[in-house]
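Just so you know, we're using numbering that gives the first Met the number 0 here: the sequence shown kicks off at 0 and counts up by one.
Every residue gets a Cβ at the ideal spot worked out from N, C-alpha and C, and that includes glycine.
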Amino acid sequence: MTHEMDYELGKEATEEEQYLNLGMSKKATIVFRDTAAAEDAVATTLGFVEGHVEGYRCSALVLDGGSAADLVNEHFIHVGHPHSTILAFLLITDMRMTDWEAGQAVRARLEPLGRTGLSIIYAEKSKPTIAIKAAGFWLDGEMYDHAAFAENASETFKREAAIYEALGPHPHILKCLGAAYLRAGDETNPKEREAWAVRLERAPHGSLRERILEDASPSIACRLQLAVDLAETLQYIHDRGVIWGDISARNILVFDHLHIKLSDFAGSSLRDVYPELLFACEPRYWVPETTPPTPTKDVFAEELFALGTGICEITEWAVPYGELEIEELQERLMKGEYPHVSEDNPVASIIRKLWDSGYSSAKEAADALREVSTQLNVTTE
């Protein structure tokens, strides 16, 4: 439909060509160009139109009083005078779109994948295998929409990218392609630059929570393998000096053959770099209150408690506490109620031992899970 810019001004450019050259400071694409000889051309006047084409904010410069520009037409420019000399350019500009225009552009160019109060996750349709985690939808250097509670987003994205880097490659940790930075600022010093997003590997099958809600439970062998993968990967994370802090089936992403990868380290802590957690895990993974009250668990003990709830969700193949409103969930937590564990759950004792601070590491829980698998003659290798 369009062609890459291949028009270069000669040493003796015409007045109209010089005008076009002044407008080519941004990316430009030739939409239509008629190279008829000058002696065949009629008197030329300059027309100017603007609008949106395929989601891009555009301006078109049209030379020739007999021509008409139609940005809705699938060919962008409709020429009314076939025998004249015409130069028509489509210029990408910095003009901000209206909310309606932005909505049209988002639908045309982006694929929303999910959102929380802290971020919006989407993919560019031109790069569907990469997920972008940002504070809003970015189009041509402008952000549209905004996650409700996203504050100081640049530092959060830098932090998450740094934690992914500290974790390094692992078969059960989502791949991070790094933070994406705005061009302004010192490009040699990332600390002085503003990050607008984190680029991540895209999970083709969504989160494990979605699978639990939508699909029938897989075999106990498969569920035990998932539980082992979670516990062993958490031990790896701890060995790298990171406390995840947000264990949840919502943050466990699913790939082909029910292969899982852990994600969302925006609020995690990193030893000697980010010593404090930024966020708490979802309420379904909180420690219920007790009567009489017991001493508050430290961060590491809360992490192992949440591991127990994660193993419970996986092996029960059910969301902890079921589907209920936050108010009812809080009431149950205040009453000291724990998630339901079936009597025939083969790892019920491991789950409760994690809840009771009976393990000192995720590795101990992983070893116990493998032992149960062996006793049940279930292969988890």
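Alpha-carbon to alpha-carbon, residue j and residue i
{"i": "Gly-177", "j": "Gln-374", "result": "43 Å"}
{"i": "Ile-219", "j": "Ala-317", "result": "13 Å"}
{"i": "Pro-294", "j": "Met-333", "result": "15 Å"}
{"i": "Gly-244", "j": "Tyr-284", "result": "10 Å"}
{"i": "Pro-217", "j": "Ile-349", "result": "20 Å"}
{"i": "Glu-336", "j": "Ile-119", "result": "33 Å"}
{"i": "Asp-214", "j": "Pro-345", "result": "21 Å"}
{"i": "Thr-128", "j": "Ala-194", "result": "21 Å"}
{"i": "Asp-144", "j": "Asp-366", "result": "46 Å"}
{"i": "Phe-254", "j": "Glu-315", "result": "20 Å"}
{"i": "Trp-137", "j": "Arg-351", "result": "45 Å"}
{"i": "Ala-161", "j": "Asn-151", "result": "16 Å"}
{"i": "Glu-312", "j": "Arg-198", "result": "28 Å"}
{"i": "Arg-208", "j": "Asp-343", "result": "22 Å"}
{"i": "Lys-26", "j": "Cys-175", "result": "Model confidence at Lys-26 stands at a pLDDT of 38, short of 50, so the residue's coordinates are unreliable and nothing is read from them."}
{"i": "Ala-134", "j": "Leu-117", "result": "7 Å"}
{"i": "Glu-324", "j": "Pro-282", "result": "11 Å"}
Beta-carbon proximity check, residue i vs residue j, cutoff 8 Å
{"i": "Ala-361", "j": "His-237", "result": "yes"}
{"i": "Ser-262", "j": "Leu-276", "result": "no"}
{"i": "Lys-260", "j": "Leu-173", "result": "yes"}
{"i": "Ile-246", "j": "Gly-309", "result": "yes"}
{"i": "Leu-368", "j": "Ala-226", "result": "yes"}
{"i": "Ser-206", "j": "Ala-146", "result": "no"}
{"i": "Lys-132", "j": "Arg-108", "result": "no"}
Per-residue DSSP class, three states only, for residue i
{"i": "Lys-126", "result": "strand"}
{"i": "Val-418", "result": "It is not possible to answer for residue 418, since the shown part of the chain is limited to 0 through 380."}
{"i": "Arg-114", "result": "strand"}
{"i": "Trp-243", "result": "coil"}
{"i": "Ala-347", "result": "helix"}
{"i": "Phe-264", "result": "coil"}
{"i": "Leu-269", "result": "strand"}
{"i": "Leu-8", "result": "Residue placement at Leu-8 is poorly supported in this model, since its pLDDT is 31, which falls under 50; the coordinates still yield a value, given next. Coil."}
{"i": "Phe-278", "result": "coil"}
{"i": "Leu-252", "result": "strand"}
{"i": "Leu-62", "result": "Residue placement at Leu-62 is poorly supported in this model, since its pLDDT is 44, which falls under 50; the coordinates still yield a value, given next. In this structure, Leu-62 counts as strand in the three-state DSSP scheme."}
{"i": "His-339", "result": "coil"}
{"i": "Ala-361", "result": "helix"}
{"i": "Val-41", "result": "Legend: pLDDT at Val-41 = 41, less than 50; position of this residue unreliable, value from coordinates given subsequently. In the structure shown, Val-41 sits in coil (DSSP, three-state: anything other than H, G, I, E or B)."}
{"i": "Tyr-320", "result": "coil"}
{"i": "Lys-132", "result": "strand"}
{"i": "Leu-375", "result": "coil"}
{"i": "Cys-311", "result": "helix"}
8 Å Cβ cutoff, residue i in contact with chain D
{"i": "Lys-260", "result": "The structure shown contains no chain D; it holds only a single protein chain."}
Contacts around residue i, its chain only, beta-carbon distance under 8 Å, and the 5 residues preceding and following it disregarded
{"i": "Arg-239", "result": "Ala-165, Leu-166, Gly-167"}
{"i": "Cys-221", "result": "Leu-257"}
{"i": "Ala-347", "result": "Val-340, Ser-341"}
{"i": "Ser-153", "result": "Glu-193, Ala-194, Trp-195"}
{"i": "Ala-202", "result": "Ala-130, Leu-173, Leu-252, Val-253, Phe-254, Lys-260, Ser-262"}
{"i": "Val-298", "result": "Ile-242, Gly-244, Ser-268, Leu-276"}
Residues near residue i in its chain [Cβ-Cβ closer than 7 Å; skip 5 each side]
{"i": "Arg-158", "result": "Ala-265, Tyr-273"}
{"i": "Ala-364", "result": "Ala-230, Leu-306, Ile-349, Leu-353, Tyr-358"}
{"i": "Pro-287", "result": "Leu-332, Gly-335, Glu-336, Tyr-337"}
{"i": "Tyr-235", "result": "His-169"}
{"i": "Phe-304", "result": "Val-286, Lys-296, Leu-353, Trp-354"}
{"i": "Arg-270", "result": "Gly-240"}
{"i": "Val-71", "result": "Low confidence applies to Val-71: its pLDDT is 33, below 50, so where it sits in the model is not reliable enough to give any reading."}
Residues near residue i by beta carbon distance below 6 Å, same chain, minus five either side
{"i": "Gly-113", "result": "Ile-120"}
{"i": "Ala-300", "result": "Ser-356"}
### Message
For a minimum of 3 consecutive residues, which ranges assigned as the beta strand (DSSP E) are wholly contained in the segment 139–214?
### Response
141–143, 175–180, 194–200
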